[in-house]
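There are 2 protein chains.
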Amino acid sequence: MPAKPLATVRTAAALRRAVAQWRKRGDTVALVPTMGALHAGHMALVTRARRLAKRTVVSLFVNPAQFGPHEDFAKYPRDEAADRAKLREAGVDLLFAPDVAEIYPPGFATAVAVSGLADTLDGVHRPGHFTGVATVVAKLLIVAQADFACFGEKDYQQLQIVKRMAADLDIPTRIVGVPTVRERDGLALSSRNGYLSQDERALAPTLHRVLLDTAEHIEHGANIDDAVARATSELTMSGFDGVDYFAAVDAETLEPLDRLDRPARLLVAVQLGRARLIDNEPLKPTSRAPAAGSGRPRSGTRPRGGSSR
Amino acid sequence: MPAKPLATVRTAAALRRAVAQWRKRGDTVALVPTMGALHAGHMALVTRARRLAKRTVVSLFVNPAQFGPHEDFAKYPRDEAADRAKLREAGVDLLFAPDVAEIYPPGFATAVAVSGLADTLDGVHRPGHFTGVATVVAKLLIVAQADFACFGEKDYQQLQIVKRMAADLDIPTRIVGVPTVRERDGLALSSRNGYLSQDERALAPTLHRVLLDTAEHIEHGANIDDAVARATSELTMSGFDGVDYFAAVDAETLEPLDRLDRPARLLVAVQLGRARLIDNEPLKPTSRAPAAGSGRPRSGTRPRGGSSR
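In the order they appear, the protein sequences are chains H and Y. Following our numbering, the numbering of the first sequence begins with 1 at its first residue and continues without gaps. Following our numbering, the numbering of the second sequence begins with 1 at its first residue and continues without gaps.
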């Protein structure tokens, strides 16, 4: 017997009606915004959404507004049929897959911008990117009227911007960050990993290894500037084509950090062949950071996927 | 027996709860956003709101984000007690009167900007003003979840910007424009009219008279540039302290108009003493505009308050 097809709507009005019907029955709703090309990272968002709420909506929209003029909008991987199969299998209740004209009709002129948070890190290297993200996510949240919306910690800056935007606009949806899913070698899953050649793919996990080592050094008391400089140099030496940034920042405001005196995050972006890879790791403040080289054992293979991620 | 006091909430969460209760019962809701200092123009918005929906919410918030650094935020008239009395008398169901920290809590960083529409006319003379307006109105609309929201045509550019913003962000509230209410001598009601001296108040109605005359000239076929130049000169000669703009524009896009070949609007802003006055009138395209000076009678006292306003 064929499985029931995945219910799909293409317009904001249809999504609004579907959610209103659920709400009438008292069902809670969780939204998972995606650009498709779904991998296990996206499916972790779906799993989390299904645990949080009775109904799960996934949106699939490759948002032109968040791509720069020289970025990969045209070649970004698209396979709605494969995505639909995965979502149906995962028990998603509804797919919202609008076309560009539904989201940006003629005359569209409104932008949602988050200052500060969006002006640093990827905001410097991808001008306009986060305004494109914040605008489309605001629209999705306003239409979906969801109780929860799940975003990956892989895009950590995006997650903080979406949290800020939703709070600032009084959108009553709880923004939930979901830990990054990684390959066994540590590489964070990304739809853009497919751009890597075999050699580049072999080098790519170094990014996460250096990130973990640097986090550990800083948590053990290393000077932040020194640790970051060493990491940047190590990435360049090992063959990455450029380090856009490697930064230790406040976990919420993303402001630069001198000392590990509050919850923080280490964020990195590199170029590798045709791909631009980003990753991040938490930096946990220690009550009294011991000096570098103290007796506490240091491991080059810090356990991955621990409870904090 | 004392009248029932006006129900008042100070937080977005409380407003959301109140509206959700009404919605549960199937009541429709209309919102009237104001900055207080209520006059008959605001009360016309309330009257319209009460006709449109079962429940009427008025918001009262003097929005610092829409005042420039040299504008009148500090001295803008405030009298909540008098406003409350008027609203209770008018049968309003709920007043939302938040303080600044409720609307803009520490760390607030989000702006809603409408390009094009907000970059012309008052947008040129009051940089940032319409972003301040669009941001606070987006918040109000998102929280109130109203079926209708009423705005005065007096602030015509604001009305078009709010319509665009609500449509672009998929906010399902119908934005309703309400005709300008005028003094018997034609002066549009405004909380800022109180800034006028006696002499200035005597001159002020000339603004509307020139606006009406110019609209009539253009509708009768006068060249738009000529008519606008003549009007600007007339205003300056009669004693206004400066004409920020006098423009004939497309009624929806606010783009400059060469010929009256579609629904249009004549908008004006002048300085008069400590006050800045704005006003506008519709320009109705005629099927075949006769040449200026044709036989059609021209009246300097075009009827006011006709059905089109």
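Cβ atoms here follow ideal geometry from the backbone N, Cα and C, with glycine treated the same way.
Opposing strand residues paired with residue i [DSSP bridges]
| i | result |
| --- | --- |
| A247 (chain Y) | Y:L267 |
| T8 (chain H) | H:L95 |
| R182 (chain Y) | Y:A188 |
| A149 (chain Y) | Y:L31, Y:I175 |
| D241 (chain H) | The partner list for D241 (chain H) (beta bridge, DSSP) is empty, contrary to what the question assumes. |
| T110 (chain Y) | H:V114 |
| A275 (chain Y) | Y:L272 |
| P256 (chain Y) | Y:V249 |
| L283 (chain Y) | Y:A264 |
Exposure label - residue i; buried when at least 16 CB within 10 Å
| i | result |
| --- | --- |
| R296 (chain H) | Only weak support is given to the placement of R296 (chain H): the predicted model assigns it a pLDDT of 38, under 50, and the question is left unresolved by the model. |
| K139 (chain Y) | buried |
| K24 (chain H) | exposed |
| D199 (chain H) | exposed |
| K4 (chain Y) | exposed |
| R184 (chain Y) | exposed |
| L137 (chain H) | In the sequence under discussion, the amino acid at residue 137 (chain H) is Val, which differs from the Leu named in the question. So V137 (chain H) counts as buried. |
| D122 (chain H) | buried |
| V9 (chain H) | buried |
| H42 (chain Y) | buried |
| D261 (chain H) | exposed |
| E281 (chain Y) | buried |
| D93 (chain Y) | buried |
| E163 (chain Y) | Reading off the sequence, residue 163 (chain Y) comes out as Lys, not Glu. So K163 (chain Y) counts as buried. |
| Q21 (chain H) | exposed |
| P338 (chain Y) | With chain Y running from 1 to 309 in the structure shown, residue 338 (chain Y) is simply not present. |
| E153 (chain Y) | buried |
| H217 (chain H) | buried |
| A13 (chain H) | exposed |
| A144 (chain Y) | buried |
| H70 (chain Y) | exposed |
| D225 (chain Y) | exposed |
| G68 (chain Y) | exposed |
| M165 (chain H) | buried |
| S294 (chain Y) | Note that S294 (chain Y) has pLDDT 41, beneath the 50 cutoff, so the model's placement of it is unreliable and the number below is only indicative. Classification of S294 (chain Y): exposed, given that the 10 Å Cβ count is below 16. |
| R304 (chain Y) | Model confidence at R304 (chain Y) stands at a pLDDT of 37, short of 50, so the residue's coordinates are unreliable; what they give is reported in the following sentence. So R304 (chain Y) ends up on the exposed side. |
| R17 (chain H) | exposed |
| V249 (chain Y) | buried |
| S115 (chain Y) | exposed |
| E255 (chain Y) | exposed |
| L6 (chain Y) | buried |
| T28 (chain Y) | exposed |
| S233 (chain Y) | exposed |
| T11 (chain Y) | exposed |
Given residue i as reference, the closest of the options once Cα atoms are compared
| i | options | result |
| --- | --- | --- |
| Q157 (chain H) | H:R274, H:A20, H:A264, H:F148 | H:A264 |
| T253 (chain Y) | Y:D168, Y:R192, Y:Q160 | Y:Q160 |
| P388 (chain Y) | Y:D185, Y:T236, Y:L189 | In the structure as shown, chain Y begins at 1 and stops at 309. Residue 388 (chain Y) is therefore absent and cannot be evaluated. |
| A275 (chain H) | H:G242, H:L211, H:V9, H:L45 | H:G242 |
| T206 (chain H) | H:H220, H:D226, H:M237, H:H217 | H:M237 |
| I278 (chain H) | H:P105, H:H125, H:G68, H:D93 | H:H125 |
| D258 (chain Y) | Y:Q21, Y:A222, Y:C150 | Y:A222 |
| A227 (chain H) | H:A18, H:L267, H:L52 | H:L267 |
| R201 (chain H) | H:F240, H:W22, H:T232 | H:F240 |
| T34 (chain H) | H:R55, H:D155, H:I171 | H:D155 |
| E89 (chain H) | H:H208, H:R50, H:R182 | H:R50 |
| V62 (chain H) | H:G91, H:A82, H:K75, H:H208 | H:K75 |
| D119 (chain H) | H:F108, H:G107, H:A134 | H:A134 |
| A167 (chain H) | H:A40, H:I142, H:T28 | H:I142 |
| P229 (chain H) | H:Y104, H:A215, H:H220, H:F246 | In the sequence as displayed, the identity of residue 229 (chain H) is Ala instead of Pro. Comparing Cα-Cα distances from A229 (chain H) to each of H:Y104, H:A215, H:H220, H:F246, the minimum goes to H:F246. |
| I175 (chain Y) | Y:C150, Y:A53, Y:A111 | Y:C150 |
| G78 (chain Y) | Y:H39, Y:V46, Y:G177 | Before going on, a small fix: residue 78 (chain Y) reads as Arg here, not Gly. For R78 (chain Y), the nearest C-alpha among the options comes from Y:H39. |
| P172 (chain H) | H:D147, H:R182, H:L187 | H:D147 |
| L87 (chain Y) | Y:H129, Y:A44, Y:I103 | Y:A44 |
For the region 154 to 178 of chain Y, which residues have a beta carbon sitting closer than 7 Å to at least one beta carbon of chain H? R164, M165, D168, L169, D170, I171, P172
My parser needs the alpha helix (DSSP H) runs of 4 or more residues fully inside the region 162 to 237 of chain Y; what are they? 198 to 203, 206 to 219
In chain order, what residues of the region 7 to 21 of chain Y put their CB closer than 7 Å to some CB of chain H? A12, R16
Please list, in chain order, the residues of the region 121 to 136 of chain Y that have any C-beta partner in chain H closer than 7 Å. none
Give, in chain order, every unbroken run of the alpha helix (DSSP H) that is at least 4 residues long and sits entirely within the region 39 to 80 of chain H. Listed in chain order, the complete alpha helix (DSSP H) runs (minimum 4 residues) inside the region 39 to 80 of chain H are 40 to 52.
Relative to chain H, which residues along the region 101 to 119 of chain Y have a C-beta separation below 7 Å, given in chain order? Listed by position, the residues of the region 101 to 119 of chain Y near chain H (Cβ gap below 7 Å) are F108, A109, T110, A111, V112, A113, V114, S115, G116, L117.
In the region 230 to 247 of chain H, which residues sit with their C-beta less than 7 Å from some C-beta in chain Y, listed in chain order? none
Any residues in the region 51 to 83 of chain H with a beta carbon nearer than 8 Å to a beta carbon of chain Y? Which ones, in chain order? none
Cβ-based contacts, 9 Å cut-off: residues of the region 191 to 220 of chain H near chain Y: none
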